[in-house]
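J.: Here it is: the structure, laid out below.
There are 2 protein chains.
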Amino acid sequence: MTDAAFDIGGDEIPVLSTGEQAYERIKHDIVFGVLRPGQRLPLDRLKSVYGVGISTLREILNRLAPQGLVVAEGQRGFQVAPCSATDLKELADLRLLIESNALAQSFEAGDVEWEGRVVAAHHKLARMEQRLLAGDETGTQQWKRYDFEFHQALVSACGSKALLDLHAGIYDRYLRYQMVFFIFWGPTSTEDHKALLDCALRRDAAEGQRLLREHIHGCIDVALERGLVD
Amino acid sequence: MTDAAFDIGGDEIPVLSTGEQAYERIKHDIVFGVLRPGQRLPLDRLKSVYGVGISTLREILNRLAPQGLVVAEGQRGFQVAPCSATDLKELADLRLLIESNALAQSFEAGDVEWEGRVVAAHHKLARMEQRLLAGDETGTQQWKRYDFEFHQALVSACGSKALLDLHAGIYDRYLRYQMVFFIFWGPTSTEDHKALLDCALRRDAAEGQRLLREHIHGCIDVALERGLVD
DNA sequence: AACTGATAATTCATCGATCATCAGTTGATC
DNA sequence: GATCAACTGATGATCGATGAATTATCAGTT
């Protein structure tokens, strides 16, 4: 069942195993709200939906559990991690703490190569935001991907793999709230990103951290104004 | 095979499933160096050692992988996460960032109940350190457990479950370095803990953070002076 | 002697089967 | 009519079997 490896120009395209593919799909479906928060995850159901065996499924869910996207309650199976306003606030604070710290270190240590990554990521993000503001709603997921890539590029020169991994994990959980509750508040975000880019090139860490705080707080304020379950 | 639930005095003792027990044992063996860093983990071997089936084992290893205690490389099975000086430094910085932040919040929000937890945890830790300084080497693992409980008590009033979970996970990885490389530098640690306790009761967050930085830096400096592989 | 190709042995990834556990339902008794 | 108990259907936890991938071995050739 495993895909064959294509060998193009001597460079191997990484083969995704059956389990790996299903892992990505399930994670995606949780983050983007296809599998709703709190929803139970009966193994038989998932088995037919994602086309993998029971054991492989359990492996996947066990991998997602420590990441906080799935909860495993004792002997009663798995369910999608529930959402709550307090959890969102905690995640926002956590993201701010991690990303803010990484930002400062990255601004300190970033080289020209890093600047290139940041500029490129911002360009792609800005283009996508143009399209969205123009009414093209088709690429919301892609937009969020670019948003992540931009923020990741900003911190990518922090020098600590552990810190980056942590950031990516928290961002995923945070992203889920944005997707599940359709948090998108338009032009403000675009301006924030542009300002962050300028800060990065000026290596102005203090202002960058301030912007990030605004960026994140603005986002969850919008979210909390609308009714979130708690 | 599952243990029966004992019902003593109307309070249920939580039942550990087969997999849960094995999970704790394997995690313990990794953190405390029984399974050495970089060591491969052949499933058949582990199967006989820990007395669980292949699938259950894979579930366990898949749970440990996102926590950074095990690495899963493609189609080549699992191995204990390797150790390196850079990884230790990253972990130390990370622990400092997380714990320092949680400390300040905890000092801010802690009530009398919290003070009680801190005092109790420190008492147990101090007692154990007395025994260790007196030459009783039998309780090193217990000492580390109390060390964790003390630090956890300090931050336990921070108000963010997500932050506490993160702290616990990072502490585990950090603890592994202490255990694998026998990092114990005696009386300094004891004094640090006493000073931290005083800070907590005085709610002096700034001094507490300073002490914590010293505490952690002192610890890894000792570690790096001795030869760690990199 | 060293390199290459084929073959054997080891280890892994995935699967469905089996047993234990839980929740909902029915029926009997007070 | 209410309450508790046994029954039953469904779901989860654990296991070993099976085919696939990787690594090691070895013979044949240059």
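In the order they appear, the protein sequences are chains W and H. The first sequence maps to residues 904 to 1133 in our numbering. The second sequence maps to residues 904 to 1133 in our numbering. Every residue gets a Cβ at the ideal spot worked out from N, C-alpha and C, and that includes glycine.
Using a C-beta to C-beta distance shorter than 9 Å, which residues of chain W count as neighbours of residue 1064/H?
T.: Neighbours of residue 1064/H on chain W, chain order: 989, 990, 993.
J.: Specify the secondary structure class of residue 1106/W as computed by DSSP and reduced to three states.
T.: Looking at residue 1106/W - three-state DSSP - the assignment turns out to be coil, as it is neither helix nor strand.
J.: Beta-carbon separation of residue 995/W and residue 1073/W under 7 Å?
T.: No, these two residues do not count as a Cβ contact at 7 Å.
J.: Check whether chain H comes within 7 Å of residue 969/W, counting only Cβ atoms and requiring the distance to be less than that.
T.: Yes, contact with chain H.
J.: Name the chain H residues that come within less than 7 Å of residue 996/W, Cβ to Cβ?
T.: Going along chain H in sequence order, the residues near residue 996/W (Cβ under 7 Å) are 1063.
J.: CB residue 1031/H to CB residue 936/H, shorter than 7 Å?
T.: No.
J.: Does the region 976-995 of chain W come close enough to the region 935-950 of chain W that 3 or more CB-CB pairs lie under 8 Å?
T.: Contact holds: three or more Cβ-Cβ distances are below 8 Å.
J.: CB-CB under 8 Å to residue 1023/W, same chain, minus the five flanking residues each way: which ones, in chain order?
T.: The answer, listed in chain order, is 1056.
J.: Quick check on the burial criterion: 16 or more other C-beta atoms within 10 angstroms. Buried or exposed for residue 1070/W?
T.: Buried, since its Cβ has 16 or more Cβ neighbours within 10 Å.
J.: If you run the structure through DSSP and keep just helix, strand and coil, what is residue 970/W?
T.: Residue 970/W: coil per DSSP, three-state reduction.
J.: Inspect the beta-carbon positions of residue 1111/W and residue 997/W and report whether they are closer than 7 Å.
T.: No, these two residues do not count as a Cβ contact at 7 Å.
J.: What are the start and end residues of the beta strand (DSSP E) that includes residue 982/W?
T.: Start and end: 981-983.
J.: Checking 7 Å against the spacing of the C-beta atoms, do residue 1060/H and residue 1012/H come in under that value?
T.: Result yes, Cβ atoms of residue 1060/H and residue 1012/H sit closer than 7 Å.
J.: Strictly below 7 Å CB to CB, what residues from chain W border residue 962/H?
T.: Within chain W, the residues near residue 962/H are 961, 962, 965.
J.: In terms of residues, what are the limits of the alpha helix (DSSP H) holding residue 1003/H?
T.: Taken as a continuous stretch (DSSP letters only), the alpha helix (DSSP H) holding residue 1003/H covers 988-1012.
J.: Provide the residue span of the alpha helix (DSSP H) that contains residue 924/W, from first to last.
T.: Residue 924/W -> alpha helix (DSSP H) spans 921-934.
J.: In the DSSP assignment, find the unbroken alpha helix (DSSP H) run with residue 1044/W in it and report its ends.
T.: It spans 1043-1058 - the alpha helix (DSSP H) in which residue 1044/W sits, taken as one unbroken run.
J.: Provide the residue span of the alpha helix (DSSP H) that contains residue 1022/H, from first to last.
T.: Run containing residue 1022/H: 1015-1036, per the alpha helix (DSSP H) assignment.
J.: Between which two residues does the alpha helix (DSSP H) containing residue 1076/W stretch?
T.: Residue 1076/W -> alpha helix (DSSP H) spans 1064-1083.
J.: Quick one: which chain W residues come within Cβ less than 8 Å of residue 978/H?
T.: Here the neighbours are 920.
J.: Do you know whose CA, among 956/H, 1044/H, 1064/H, lies nearest residue 921/H's CA?
T.: Minimum Cα distance to residue 921/H is reached at 956/H.
J.: Could you work out which residues of chain H lie near residue 1000/W, taking near to mean beta carbons separated by less than 9 Å?
T.: What residue 1000/W touches in chain H: 1000, 1001, 1004, 1066.
J.: Show which residues of chain H have a CB atom less than 8 Å away from the CB atom of residue 1069/W.
T.: The answer, in chain order, is 997, 1069.
J.: Since residue 1009/W meets chain H, which of its residues come closer than 8 Å, beta carbon to beta carbon?
T.: Result: empty, since nearest Cβ-Cβ is about 14 Å, beyond 8 Å.
J.: Quick one: which chain W residues come within Cβ less than 7 Å of residue 958/H?
T.: Within 7 Å Cβ-Cβ: 958.
J.: Assuming residue 1039/H is part of the alpha helix (DSSP H), what are its boundary residues?
T.: Run containing residue 1039/H: none; DSSP gives neither H nor E here.
J.: Start and end of the alpha helix (DSSP H) containing residue 939/H?
T.: Where residue 939/H is concerned, there is no enclosing alpha helix (DSSP H), given that its DSSP letter is neither H nor E.
J.: What does DSSP give as the partner residue(s) for residue 1098/H in the beta ladder?
T.: BP columns for residue 1098/H are empty, so no partner.
J.: Would residue 959/W be called buried (16 or more neighbouring beta carbons within 10 Å of its own) or exposed?
T.: With 16 or more Cβ atoms within 10 Å of its Cβ, residue 959/W is classed as buried.
J.: Am I right that residue 1048/H and residue 934/H are in contact with their C-beta atoms under 8 Å? What's the rounded C-beta distance?
T.: 11 Å between Cβ atoms; not a contact.
J.: Evaluate residue 1015/H with the Cβ neighbour count: other Cβ atoms within 10 Å of its Cβ, from every protein chain shown; 16 or more gives buried, anything less gives exposed.
T.: So residue 1015/H ends up on the exposed side.
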